[in-house]
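Chains A and F supply the protein sequences, listed in that same order.
With positions in the first sequence counted from 1, the corresponding number in this note's numbering is that position plus 51.
With positions in the second sequence counted from 1, the corresponding number in this note's numbering is that position plus 51.
Cβ atoms here follow ideal geometry from the backbone N, Cα and C, with glycine treated the same way.
Taking it in order: structure first as structure tokens, then the write-up.
Number of protein chains: 2
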Amino acid sequence: MRRRSTLRLTAEDLAAGYALACQTVVEGDAVITIPPQEKIERRLVTDKTAAKVTLPFTYDPVQHQPMRLFPLQLDSPDMADQTDDWSRLKRVMTTTYDVSDLTANLPTLRRLGTVLREHNWAATAVVEMDSWDRHNGSPRLVDLLPPDRGEHLWGAALDIGTTTVSLYLVDLLTGEVVTKAAEYNGQIKRGEDVISRIIYASKNDGLGELQSLVVDTINELLERAERRAKISSSEIYKMAVAGNSTMIHLFLGLPPSSIRLDPFVTTVNHPPQVLASELGINIHPEASVDCLPGVASYVGADISAGVIGSRMCDSSALTLFLDVGTNGEMVLGDCDWLISCACSAGPAFEGAGVQDGMRATVGAIEEVWVSSETYEPSYRVIANPRLEAKGLPTPPCGMCGSGLISLLSEMFITGVIDKGGHLNFDLGSPHIRQGEHGPEYVVAWGSQTEHGRDIVITKVDIDNLVRAKAAVFAGFTVLAQGVGVDLSMVEQVLVGGSFGQYINIEKAVQIGLLPDLPWEKFHFLGNTALQGALLALLNREYRQQVSEAAQMMTYLELSADNTFYDAFTSALFLPHTDLSRFPSVAEVLAEREVQPVG
Amino acid sequence: MRRRSTLRLTAEDLAAGYALACQTVVEGDAVITIPPQEKIERRLVTDKTAAKVTLPFTYDPVQHQPMRLFPLQLDSPDMADQTDDWSRLKRVMTTTYDVSDLTANLPTLRRLGTVLREHNWAATAVVEMDSWDRHNGSPRLVDLLPPDRGEHLWGAALDIGTTTVSLYLVDLLTGEVVTKAAEYNGQIKRGEDVISRIIYASKNDGLGELQSLVVDTINELLERAERRAKISSSEIYKMAVAGNSTMIHLFLGLPPSSIRLDPFVTTVNHPPQVLASELGINIHPEASVDCLPGVASYVGADISAGVIGSRMCDSSALTLFLDVGTNGEMVLGDCDWLISCACSAGPAFEGAGVQDGMRATVGAIEEVWVSSETYEPSYRVIANPRLEAKGLPTPPCGMCGSGLISLLSEMFITGVIDKGGHLNFDLGSPHIRQGEHGPEYVVAWGSQTEHGRDIVITKVDIDNLVRAKAAVFAGFTVLAQGVGVDLSMVEQVLVGGSFGQYINIEKAVQIGLLPDLPWEKFHFLGNTALQGALLALLNREYRQQVSEAAQMMTYLELSADNTFYDAFTSALFLPHTDLSRFPSVAEVLAEREVQPVG
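Written as structure tokens, this is what we have:
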């Protein structure tokens, strides 16, 4: 076993036998002890069991939660007091709880008399004390339950991703996330990315169809969560929703066409509160559905939710928040100011637009190592649990984003490709060859793969990935320049999005996707959009914070910015034209030069 | 020709040859000159051409009308200003018109982008500045029209009667009623009165069916009005609705069952604003439908509307407001206080519960005279216009309310019946006979009638009518006693309801239905409920006034009041046990005694 790099390992570590797993080549039989660590949950789009979601505050429903339950005992009417049912209920709310100016919609009033009379004038009122867009609005009676009900009050936090829709089912009385569910967005069959969906939406009833598709997905997730938590859909009284601007438009049935046309404007960045019944969401029909506010066409509610979900607003540290998916969206700032931009990274890091790219599901190569001597690749595949249970390996069928980053970095560091992404045929490896579509590197031979075909990365794929990473890095550069700070001054890098959870920081730095900062400054936060939706669902202060964050956030339109093009061009190399911006990479490259080659 | 009474005619009148038509018997050929007078519109339930409806104020839409049109020219977005459409529209509303905090519902937002882009960022905004139940609420964008639209803004005032639904189509820019329409309430086929409809509503989907039936009637009226005014349904942006509590409950789909059960409580006296689309009303789906507030189960929005429609609130004169239909509802008071009650008069005055009773349509006997010598009746029939055009008489087929009052009075004054309502067989008239169901008086022989059967009034009918009038009069008595005033102190009697328009005051006083006050104190105001809805539709001050009137109005529950039973019993005579309360009737009776009989 040979350590290819000892960077970041102390002499103590080395003495104790530690090695960097990703920088170590196994040359013979070896016993390897892996220190206990968190299990990596790899299947992004499948359901997860309810890992404890922690809140950054101690939840007090009375103080934080706009949804409240009020047990009521009304005086029964008689000839001396013929007050109508609704005024009678309002009266007891005022006298017992000092809640005045209660309002109700017609469907709630229609049930009022029956509930009151069937339970001898006792009931439990479900009240929304204030609402998203009307902080000082009147409280609203959302439902009137029999008196023996009302031990529970449920809500749902939702992140509508272009690819994946994720849901938290939340106990609004305790603040606890009781179950999670995630599923592919049903709209996928009508287009993989937002642009193709926007185009589809403009055709015939495309918009209506896309709206139905995502609502079907959400209802399916709800049903699954309700089944697990053993609750009924009508007990869910509130929903908070994050998503990019296109997803929110399609969810609400708002035409998204202007989002993709110059000058890239949404219909509405902060949609008004709507009722579940207006959208066909199978929760209580009078439940309010709050879409979190977005900032611009390509910095949507997922990002403002991410800003509060990542808690970058709570800190005075200069923070870079990053959500890489089809687009790279990023925010720079602290508790006092925020500046954001979006760069069309393209879907390469999601495995699309790459010949053997795929989503991060079973069979995806998620990590690659290339031998610096033989240029032979080895890899790790997201395992099929059934095969894994039998002790069998899962054959690969493609590469997901983290695998591609890993591969690109390994090829670069080992010299399989140069800084321009050109394959080095001089190495004489059978893995480097002229393929049907030009130069390519074989990651897995057909004999090992699921489908029997070779899994390769082509020069075209490499160029796509380099353009994608260059767009993201150019975004950082322009943001920092825009406010006159240097990227090295960034005190923390918060990476949101499910994609971010599985990438290898070192390798992402080595290809120049992430800025070269000490590893401890990077924090992978998972689905920050969903976390932000959860905070807004639970706490009116966070609800207020996300509103303010969206409003205070400056949006930098990169297509109107020449400095972006310059920064992009400079970043079209591995890791960058200016290697001095990546000192740790320069160090590794220098180390490689002095390593014995054979 | 012989004057039977000269009461209320001056010596001058007599010298000029005037006679009281209803008190004069034609004994031979005579040339009669009738002074020009207003044509009586008799067909209550058929449509009327748009008689000019006058308003008690000079209409200024900017000052009075919550619905406003705002021509807008937005800045078009560019890369330097990527503000979303909705924020852009709100911005121009603030900068141009100082209208801030604009809200909109989802259906309006869905059309926003298209309208703005198709018309080069010019548009006309239809805005509801404030609303019924939220005086200080945020203005709401109800529609966004192309810039060349917006020359008109229509509204509708509606009175949902148990029998008849009446509608005004109103130009909200000028305040003019452009057309009227009226039609039988389609619910009639499921019950003639409120009680039978309440019972029907409690069966299976009776409520849903009754709601649909009245909505169908309303949509039919709207269609008719729109056709006449040549407008489209989507141009009607507001509706104000009056009706009794049962009608309002059925209209809104609120279960009405508690209205008829002790202690007679409604679900809601003042319903919240609802949208046309929630009810299925074919006007603009985002138009608000404002139901006027009622006071109690049997003093509904028709009465509070009547109070403002009759303008009794505007006067310091002690006023008795009266709306006689199936129930007799009455309000006593002035601009400072109001007290109301409802007495179950029963439907006798609407022609129901009386053997030959009918509604006031073609063929109904609407006025009767009885000869004080021969006890022969003569009558006037509501003419069939087609027969009338050919100079042919319309054969009678029954008697409507005004005909019944007239008949009862004539029979009493001529001695055909005594003050107990007993027929006087001693008179020897062939019209007074023993019928199948007891004593009866023949008003028209079968040879003259439409259906070939005799039209009669039976002792049972007479008792029904006496009970009905006694209930109404007892109501007056109890109201007056309740506040310690004498009925003779009443300065004006305002009679609302279409029924009131056609009754003969003198005859109504003679049977003891109306208090014996000078004729000039009586004012027949027609459909005061519709007039009240119109005022609330046009003017937020009247909207406020009807709210206040409903709130300040004391409701006296007669069934909980012993004095009512006493007053009722005393009124079960013609005109009353205590003749001194009817001095003018005493005078006529005294006059009759001294008239030569042969």
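Under 8 Å between C-beta atoms of residue i and residue j
{"i": "residue 197 of chain F", "j": "residue 174 of chain F", "result": "yes"}
{"i": "residue 293 of chain F", "j": "residue 356 of chain F", "result": "yes"}
{"i": "residue 228 of chain F", "j": "residue 206 of chain F", "result": "no"}
{"i": "residue 195 of chain F", "j": "residue 176 of chain F", "result": "yes"}
{"i": "residue 296 of chain A", "j": "residue 607 of chain A", "result": "no"}
{"i": "residue 601 of chain A", "j": "residue 270 of chain A", "result": "no"}
{"i": "residue 276 of chain A", "j": "residue 230 of chain A", "result": "yes"}
Opening and closing residue of the alpha helix (DSSP H) in which residue i lies
{"i": "residue 470 of chain F", "result": "That residue, residue 470 of chain F, is in no alpha helix (DSSP H); it is neither H nor E in DSSP."}
{"i": "residue 621 of chain F", "result": "613 to 621"}
{"i": "residue 217 of chain A", "result": "Note, residue 217 of chain A: premise wrong, no alpha helix (DSSP H); beta strand (DSSP E) at 215 to 222."}
{"i": "residue 526 of chain A", "result": "510 to 533"}
{"i": "residue 137 of chain F", "result": "136 to 148"}
{"i": "residue 162 of chain F", "result": "157 to 169"}
{"i": "residue 594 of chain A", "result": "591 to 603"}
{"i": "residue 328 of chain A", "result": "327 to 330"}
{"i": "residue 259 of chain F", "result": "257 to 280"}
CA nearest to the CA of residue i, picked from the options
{"i": "residue 585 of chain A", "options": "A:264, A:226, A:427", "result": "A:226"}
{"i": "residue 163 of chain A", "options": "F:300, F:410, F:331", "result": "F:300"}
{"i": "residue 598 of chain A", "options": "A:104, A:129, A:364", "result": "A:364"}
{"i": "residue 559 of chain F", "options": "F:285, F:626, F:441, F:229", "result": "F:626"}
{"i": "residue 178 of chain A", "options": "A:313, A:118, A:497, A:479", "result": "A:118"}
{"i": "residue 232 of chain F", "options": "F:264, F:211, F:303, F:248", "result": "F:211"}
{"i": "residue 619 of chain F", "options": "F:334, F:394, F:265", "result": "F:394"}
{"i": "residue 252 of chain A", "options": "A:219, A:414, A:430, A:311", "result": "A:311"}
{"i": "residue 376 of chain A", "options": "A:76, A:148, A:351", "result": "A:351"}
{"i": "residue 268 of chain A", "options": "A:257, A:234, A:245", "result": "A:234"}
{"i": "residue 506 of chain F", "options": "F:103, F:449, F:152, F:466", "result": "F:449"}
{"i": "residue 289 of chain A", "options": "A:200, A:273, A:340, A:402", "result": "A:340"}
Contacts around residue i, its chain only, beta-carbon distance under 6 Å, and the 5 residues preceding and following it disregarded
{"i": "residue 70 of chain A", "result": "54"}
{"i": "residue 224 of chain F", "result": "112, 204"}
{"i": "residue 524 of chain F", "result": "563, 622"}
{"i": "residue 315 of chain F", "result": "348"}
{"i": "residue 93 of chain F", "result": "With a pLDDT of 39 at residue 93 of chain F, under the threshold of 50, the predicted position of this residue should be treated as unreliable, though the coordinate-derived value follows. 433, listed in sequence order."}
{"i": "residue 576 of chain F", "result": "361, 545, 547"}
{"i": "residue 582 of chain A", "result": "360"}
{"i": "residue 453 of chain F", "result": "417, 553, 554"}
{"i": "residue 272 of chain A", "result": "218, 232, 234"}
Start and end residues, beta strand (DSSP E) containing residue i
{"i": "residue 231 of chain F", "result": "228 to 235"}
{"i": "residue 492 of chain F", "result": "489 to 495"}
{"i": "residue 573 of chain A", "result": "573 to 577"}
{"i": "residue 205 of chain A", "result": "205 to 211"}
{"i": "residue 370 of chain A", "result": "370 to 375"}
Sequence-distant residues of the same chain with beta carbon closer than 7 Å to residue i, five excluded per side
{"i": "residue 100 of chain A", "result": "Reliability of the predicted coordinates at residue 100 of chain A is poor, the pLDDT of 45 falling under 50, and the value obtained from them is presented with this limitation in mind. Nothing listed; no residue qualifies."}
{"i": "residue 471 of chain A", "result": "624"}
{"i": "residue 540 of chain F", "result": "369"}
{"i": "residue 532 of chain A", "result": "614"}
{"i": "residue 467 of chain A", "result": "421, 426, 474, 475, 478, 483, 492"}
heavy atom of the ligand MN below 7 Å from residue i C-beta
{"i": "residue 112 of chain A", "result": "This structure does not include the ligand MN; it has no bound ligands of any sort."}
Cut-off 8 Å between Cβ atoms - residues of its own chain near residue i, not counting five sequence neighbours on either side
{"i": "residue 634 of chain A", "result": "567"}
Beta-carbon neighbours of residue i, restricted to chain D and to distances below 8 Å
{"i": "residue 155 of chain F", "result": "Going by chain labels, chain D is absent from the structure shown, which instead holds the protein chains A and F."}
Residues, ordered as in the chain, of the segment 607 to 623 of chain F that lie near chain A by beta-carbon distance below 8 Å: 608, 610, 611
Where the segment 118 to 137 of chain F meets chain A: residues whose CB sits under 9 Å from a CB there: 127, 128, 129, 130, 131, 132, 133, 134, 135, 136, 137
Within 7 Å of chain F by C-beta, residues of the segment 252 to 269 of chain A in sequence order: none
Residues within the segment 294 to 321 of chain F neighbouring chain A, beta-carbon criterion of under 7 Å: 303, 304, 305, 306, 309, 314, 315, 316, 317, 318, 319, 320
Against chain F: residues of the segment 160 to 174 of chain A by CB proximity under 8 Å: 160, 161, 163, 164, 165, 168
Residues in the segment 342 to 364 of chain F having any Cβ partner in chain A nearer than 8 Å: 347, 348
Under 7 Å (Cβ pairs) to chain F, residues found in the segment 423 to 439 of chain A: none
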